[in-house]
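In the working numbering, the protein residues as written are 16 to 435.
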């Protein structure tokens with residue numbers, strides 16, 4: 016998994032919602048939007064484990080704190096099930112604008128009910144997965160059943176949920192009572208996966224039955240065996256994520272436009288609009304983030320430009336060494352290269368040519384440390400270091416290159432592009 020990206024976007028009432036985007040290290044097959052359980056946060060154990068497993072399957076996951084919870088702004092007491100749905104739609108809008116609209120919606124507990132209700136407002140989504148979800152939003156009031164009379168008579172009450180105190184207002188009760196999920200589930204028009212533990216003591220297994228019966232095909236049910244409601248055992252969360260990734264795969268492959276037989280030349284780098292420097296890098300089917308460290312005003316969500324240049328030199332070096340070793344039958348099971356970059360005065364650079372020293376000024380210096388594993392004799396090791404200097408990127412850096420820049424204009428009124 017690549018470095019996670021911490022984000023903020025505006026929720027249904029304009030409050031800043033705290034979010035986190037977990038991105039795969041390689042190609043992004045699809046984006047998923049995750050909704051956490053009632054009074055939980057995006058950082059609950061189940062959410063973390065699910066994100067880790069899904070990114071391993073090539074699926075980027077955005078998880079966020081609903082209004083008034085976790086790191087998000089706003090007042091929890093003024094929220095309700097409808098506002099959760101609205102926050103989910105806002106999250107999907109944010110993903111669509113800055114990355115890609117979510118094609119998988121995942122919800123845990125009440126978050127599962129919320130994604131079912133919000134699904135029709137996310138047309139790009141092709142698959143919805145629920146984990147321990149209630150069949151109706153009103154189920155959540157069982158968490159504070161002893162306080163219902165007080166809430167109805169006084170308009171609000173302080174209730175204790177999972178060891179923490181929250182204010183619940185009368186409008187919350189009225190809102191959940193007005194939501195019926197069966198009609199929305201019946202007209203979902205998306206693949207549905209229901210995951211539930213038979214021994215779930217918070218949301219009974221009968222809820223899974225009602226969800227499954229209400230849905231139309233394609234629909235699937237998977238038992239989480241002896242898992243608890245919060246999937247507190249990391250193995251249960253990892254299993255749920257692996258099942259979701261495998262199940263959603265067939266729908267993702269069907270929905271994703273086929274890539275052209277010939278990939279476009281070059282690498283495309285586009286600003287995401289997040290932070291001062293964050294950019295999305297696209298190379299063929301591969302996508303990843305580039306950024307700057309926090310110390311210079313970036314989000315530190317990806318490697319810096321010079322990190323990428325160092326990575327290019329390191330990658331080219333190990334590939335060159337591997338080609339040579341295989342051709343010469345050298346028993347070196349693995350090569351690794353560490354590259355550091357810095358700017359030094361030319362006169363202080365021992366490795367620099369006489370001409371460069373005489374020119375003076377500061378120059379870029381890359382230091383490459385090569386590790387050769389295996390029982391390789393000294394003469395062969397010395398030869399391998401010579402071969403490292405023949406890597407094409409090494410030669411490009413030493414010889415210098417010509418960069419030609421031209422503009423490509425986009426006509427705003429038609430969307431047509433023209434080269435200038």
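C-beta: ideal position from N, C-alpha, C; glycine also.
Minimum Cα-Cα distance from residue 48 among the listed residues 355, 68, 196 and 110 corresponds to 110.
Within the stretch 129-181, the runs of beta strand (DSSP E) that reach at least 3 residues and sit entirely inside it are, in chain order, 142-146 and 171-176. In the DSSP assignment, residue 62 falls within the unbroken alpha helix (DSSP H) covering 60-71. For residue 228, the enclosing alpha helix (DSSP H) has its first and last residue at 220-229. Shown here, residue 315 sits in coil according to DSSP, grouped into three states, outside any helix or strand.
In the structure shown, residue 260 falls within a helical segment according to DSSP collapsed to helix, strand and coil. Ranked by Cα distance from residue 312, the options 291, 188, 172 and 86 are led by 291.
Counting only unbroken stretches of 3 or more residues, the beta strand (DSSP E) elements lying wholly within the stretch 97-130 are 119-123, in sequence order.
In the DSSP annotation of this structure, residue 203 is not part of any beta strand (DSSP E), being labelled neither H nor E. By the C-beta density criterion, residue 400 is exposed, having fewer than 16 other C-beta atoms within 10 angstroms. The closest CA to that of residue 159, considering only 139, 185, 404 and 76, is found on 185. Here residue 237 is not near residue 124, since their CB atoms are 8 Å or more apart.
A residue is called buried when at least 16 other Cβ atoms come within 10 angstroms of its Cβ; residue 189 does not meet this threshold and is exposed.
Residue 204 and residue 167 have their C-alpha atoms spaced approximately 37 Å apart.
Under the three-state reduction of DSSP, residue 310 is assigned to helix.
Around residue 385, the same chain offers 332, 336, 350, 351, 352, 399, 400 and 403 as residues with beta carbons nearer than 8 Å, after the five sequence neighbours per side are excluded. Membership of residue 22 in the beta strand (DSSP E) is indicated by the continuous run 20-25. With a cut-off of 8 Å on Cβ pairs, the stretch 71-89 is not in contact with the stretch 138-148, counting fewer than three such pairs. Here the alpha carbon of residue 191 sits roughly 5 Å from the alpha carbon of residue 153. Judged by their CB atoms, residue 57 and residue 85 are nearer to each other than the 8 Å cut-off.
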